[in-house]
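What follows is one structure encoded as structure tokens, with my remarks underneath.
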Amino acid sequence: RVRGFTQDDAHIFCRPDQVKEEFMKVIDIVLYIFRVLDFQDYKAQVSLRDPEQPEKYFGSAEQWDAAEQAIIEAAQEKGLNIVLEPGEAAFYGPKLDFMVRDALFREWQLGTIQLDYQLPERFQLEYIGADNQPHRPVMIHRAPFGSLERFVAVLIEHTGGDFPLWLAPDQVIVLPIADKFIDYARKVKNVLKEAGIRVSVDERNEKIGKKIRDAEVGKFPYMLIVGEKEAAAQTVAVRKRKEGDQGVLPLSGFVTQLKEKLAKSLE
Numbered sequence: 007r008v009r010g011f012t013q014d015d016a017h018i019f020c021r022p023d024q025v026k027e028e029f030m031k032v033i034d035i036v037l038y039i040f041r042v043l044d045f046q047d048y049k050a051q052v053s054l055r056d057p058e059q060p061e062k063y064f065g066s067a068e069q070w071d072a073a074e075q076a077i078i079e080a081a082q083e084k085g086l087n088i089v090l091e092p093g094e095a096a097f098y099g100p101k102l103d104f105m106v107r108d109a110l111f112r113e114w115q116l117g118t119i120q121l122d123y124q125l126p127e128r129f130q131l132e133y134i135g136a137d138n139q140p141h142r143p144v145m146i147h148r149a150p151f152g153s154l155e156r157f158v159a160v161l162i163e164h165t166g167g168d169f170p171l172w173l174a175p176d177q178v179i180v181l182p183i184a185d186k187f188i189d190y191a192r193k194v195k196n197v198l199k200e201a202g203i204r205v206s207v208d209e210r211n212e213k214i215g216k217k218i219r220d221a222e223v224g225k226f227p228y229m230l231i232v233g234e235k236e237a238a239a240q241t242v243a244v245r246k247r248k249e250g251d252q253g254v255l256p257l258s259g260f261v262t263q264l265k266e267k268l269a270k271s272l273e
């Protein structure tokens, strides 16, 4: 077992009749994360109590029946292909786990949404209902990423280090074809940085072919090649990783185009 990990854990307190709605809202968050990171192969696992060992679980049978049904309905209404796992629930409530495979096809739990009947009882939490009487709320644990260390590990395996444009450590690398164009390359870098784009310059005294190969291996999404023509016209020759030459663009035009792509990738 690990000695520690970081989790994006937060808690929602709600009425029992709000469980389904709140689960659906958190499912939307998880599905958004999976969409922008291109996780397509995942399983939604609903962990239920073991009906043959009711003494293991906190809360009444009626509470569990309603909660399990609410979770199943929420997942189905969001279009998830769910797998029911009787006996896998925590003692304090049922849960919905999102399972993703690594490079060895092992399944890991990432996002999780869990119902908890115990802690509101332990802390004697109450709210005043529409009947003007005190009632016990339900608590929902939600961690859309789950363990952040585990999530990043699975993401790196999933992408092979070829991160989406918005997540790449350096989104652009500027490649001057000779030392005398380093000053223009630095100018390009500064313009991109001011626009909020992560960028570096390859200032090594190497042939441009080697710089391009190294940038491909380094998984930079975009390469901007600059030489005499580009410096004179304030343009950049654009190469995209895996796709090659994208033509010559005005520097300002490339910045606008890239920012539009970044915004669209996070929709």
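Per the numbering used here, residue 7 is the first one in the sequence shown, and the count goes up by one each step. All C-beta atoms in this analysis are idealised placements derived from N, C-alpha and C, irrespective of residue type, glycine included. The model shown is predicted, which means the values in this text are computed figures rather than measured ones.
**Prompt:** From this set, Trp114, Phe157, Asp185 and Leu125, which residue's C-alpha is nearest alanine 50's C-alpha?
**Reply:** For this step, residue 50 is matched to residue 44 along the sequence shown. Taking only the C-alpha atoms, the option nearest alanine 50 is Trp114.
**Request:** Measure the CB-CB distance between leucine 181 and isoleucine 231 and report whether it falls below 8 angstroms.
**Result:** Counted from its first residue, the sequence shown places residue 181 at position 175. Counted from its first residue, the sequence shown places residue 231 at position 225. A contact, by the Cβ cut-off of 8 angstroms.
**Asked** Taking C-alpha atoms, which residue in His164, Gly152, Asp34 and Asp208 lies nearest to glycine 10?
**Response** Walking along the sequence shown from the start, residue 10 turns up at place 4. Comparing Cα-Cα distances from glycine 10 to each of His164, Gly152, Asp34 and Asp208, the minimum goes to Gly152.
**Prompt:** In this structure, does DSSP put aspartate 108 in helix, strand or coil?
**Reply:** The residue labelled residue 108 in the question sits at position 102 within the sequence shown. Coil, per DSSP.
**Message:** Tell me the rounded alpha-carbon separation between proline 22 and valine 223.
**Reply:** Numbered from 1 along the sequence shown, position 16 holds the residue referred to as residue 22. Numbered from 1 along the sequence shown, position 217 holds the residue referred to as residue 223. Rounded to whole angstroms, proline 22 to valine 223 spans 53 angstroms at the Cα level.
**Asked** So which of Glu200, Val261, Val52 and Ile183 has the shortest CA-CA distance to threonine 118?
**Response** Along the sequence shown, one-based indexing puts residue 118 at 112. The shortest C-alpha separation from threonine 118 is found at Val52.
**Message:** Here's a check: name, in chain order, each residue in its chain whose Cβ is nearer than 8 angstroms to the Cβ of alanine 76, leaving out the five neighbours to either side.
**Reply:** Numbered from its first residue, the sequence shown carries residue 76 at position 70. These residues qualify, in order along the chain: Val25, Lys26 and Phe29.
**Request:** Inspect the CB distances between the stretch 161–168 and the stretch 190–206 and report whether three or more fall short of 8 angstroms.
**Result:** Contact between the stretch 161–168 and the stretch 190–206 is not established, with fewer than three Cβ pairs separated by less than 8 angstroms.
**Request:** Answer with buried or exposed for valine 32, where buried requires no fewer than 16 other C-beta atoms within 10 angstroms of its C-beta.
**Result:** Stepping through the sequence shown from its first residue, residue 32 is reached at position 26. Classification of valine 32: buried, given that the 10 Å Cβ count is 16 or more.
**Request:** Could you spell out where the alpha helix (DSSP H) holding glutamine 69 opens and where it closes?
**Result:** Taking the sequence shown and counting its residues from 1, the one referred to as residue 69 is at position 63. First-last of the alpha helix (DSSP H) with glutamine 69: 67–83.
**Prompt:** How close, in whole Å, do the beta carbons of proline 227 and leucine 171 come, if the pair is a contact with beta carbons under 8 angstroms?
**Reply:** Mapped onto the sequence shown, residue 227 falls at position 221. Mapped onto the sequence shown, residue 171 falls at position 165. Taking C-beta atoms under 8 angstroms as the contact rule, proline 227 and leucine 171 qualify, at a distance of about 5 angstroms.
**Request:** Identify whether lysine 270 lies in helix, strand or coil by the three-state DSSP scheme.
**Result:** Counting from one through the sequence shown, the residue named residue 270 turns up at place 264. Of the three classes helix, strand and coil, the one that applies to lysine 270 here is helix, per DSSP.
**Item:** Same chain, Cβ closer than 8 angstroms to glutamine 69, neighbours up to 5 away in sequence not counted
**Value:** The residue you call residue 69 lines up with position 63 of the sequence shown. Around glutamine 69: Pro22 and Tyr123.
**Item:** Sequence-distant residues of its chain with Cβ nearer than 7 angstroms to aspartate 176 (five each side left out)
**Value:** For the purposes of this step, residue 176 is identified with residue 170 of the sequence shown, where counting begins at 1. Excluding residues within five positions, the ones whose Cβ falls inside 7 angstroms are Arg204, Val205, Ser206 and Phe226.
**Top-ranked residue by Cα proximity to serine 258, from Asp103, Asn211, Lys248 and Leu198** = Position 252 of the sequence shown, counted from the start, is the residue given in the question as residue 258. For the residues Asp103, Asn211, Lys248 and Leu198, the minimum Cα distance to serine 258 belongs to Leu198.
**Request:** Compare the Cα-Cα distances from phenylalanine 19 to each of Arg55, Asp108 and Tyr133 and report the closest residue.
**Result:** Translated into positions along the sequence shown, residue 19 becomes position 13. Here the closest residue by C-alpha is Tyr133.
**Message:** leucine 116 and valine 160 - do their beta-carbons sit closer together than 8 angstroms?
**Reply:** Locating residue 160 in the sequence shown gives position 154, counting from the first residue. Locating residue 116 in the sequence shown gives position 110, counting from the first residue. Contact flag set, yes.
**Delimiting residues of the beta strand (DSSP E) encompassing glutamine 120** = Your numbering for residue 120 matches position 114 in the sequence shown. Unbroken beta strand (DSSP E) run through glutamine 120: 113–122.
**Request:** Determine the direct distance from the alpha carbon of glutamine 263 to that of isoleucine 35, and round the result to whole angstroms.
**Result:** Translated into the one-based positions of the sequence shown, residue 35 becomes position 29. Translated into the one-based positions of the sequence shown, residue 263 becomes position 257. So the alpha carbons of these two residues sit roughly 27 angstroms apart.
**Message:** Taking the alpha carbon of valine 8 as the reference point, which residue from Arg156, Gly233 and Glu273 has its own alpha carbon closest?
**Reply:** The residue you call residue 8 lines up with position 2 of the sequence shown. Here the closest residue by C-alpha is Arg156.
**Integer-rounded CB distance, given that aspartate 14 should sit under 8 angstroms from leucine 154** = The residue labelled residue 154 in the question sits at position 148 within the sequence shown. The residue labelled residue 14 in the question sits at position 8 within the sequence shown. 7 angstroms between Cβ atoms; contact.
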